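This report concerns only the one structure given below.
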Amino acid sequence: MATTSLGPVLTSASGLTLYVHAGDTPTSSTCTGGCATAWPPLTVATGATATAGTGVTGKLGTLVRADGTTQVTYNGMPLYGWKDDTKPGDVTGQGVNGFSVAKVAGTAPSASSTGGYGG
Numbered sequence: 022m023a024t025t026s027l028g029p030v031l032t033s034a035s036g037l038t039l040y041v042h043a044g045d046t047p048t049s050s051t052c053t054g055g056c057a058t059a060w061p062p063l064t065v066a067t068g069a070t071a072t073a074g075t076g077v078t079g080k081l082g083t084l085v086r087a088d089g090t091t092q093v094t095y096n097g098m099p100l101y102g103w104k105d106d107t108k109p110g111d112v113t114g115q116g117v118n119g120f121s122v123a124k125v126a127g128t129a130p131s132a133s134s135t136g137g138y139g140g
């Protein structure tokens with residue numbers, strides 16, 4: 022978890038912001054192919070358990086993607102990185118193609134947008 026210009030957000034182990042996609046459901050990810058290249062799914066090894074860092078409330082889980090990889094979920098929603106976020110605190114994927122930062126449970130979402138991805 023990190024505090025960004027959009028408030029507290031979930032982050033990967035390397036500190037990069039994580040995102041959720043409006044088209045996903047708690048049981049499936051709709052981001053495949055070119056989408057998954059731009060928005061890499063946060064994955065763990067098959068059979069592994071996702072663990073939350075300090076200050077993270079809500080439930081971490083996993084789902085099996087169509088390609089057989091195991092994607093981490095937060096409160097049921099699949100989590101992704103964004104190809105243009107290069108350092109901790111970056112939130113450049115906010116509002117792009119239906120993606121928004123993964124807000125920590127109990128905090129208000131932000132609707133601001135910082136750019137676009139045309140692929």
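Take my numbering: the final residue in the sequence shown is number 140, and no numbers are missing along the way. The C-beta atom is built at its ideal place from N, Cα and C for all residues, glycine as well. Only a predicted model underlies this, so the values are computations on that prediction, with no experimental measurement involved.
Local conformation of residue i per DSSP, three classes
{"i": "G55", "result": "helix"}
{"i": "S133", "result": "Below a pLDDT of 50, predicted positions are generally treated as unreliable, and S133, at 36, falls in that range; the measurement from the model is reported next regardless. In the structure shown, S133 sits in coil (DSSP, three-state: anything other than H, G, I, E or B)."}
{"i": "T94", "result": "strand"}
{"i": "P99", "result": "strand"}
Range covered by the beta strand (DSSP E) that runs through residue i
{"i": "V122", "result": "120 to 122"}
{"i": "T25", "result": "23 to 25"}
For residue i, the nearest candidate out of the options (CA to CA)
{"i": "L100", "options": "G55, V122, G74", "result": "V122"}
{"i": "L63", "options": "L37, N118, G44", "result": "L37"}
Per-residue burial, residue i [other beta carbons within 10 Å of its own, 16 or more giving buried]
{"i": "K124", "result": "buried"}
{"i": "D45", "result": "buried"}
{"i": "S49", "result": "exposed"}
What residue ranges within the region 28 to 90 form continuous beta strand (DSSP E) runs of no fewer than 3 residues, ordered along the chain?
The beta strand (DSSP E) runs of length 3 or more contained entirely in the region 28 to 90 are, from start to end of the chain, 28 to 30, 40 to 42, 81 to 85.
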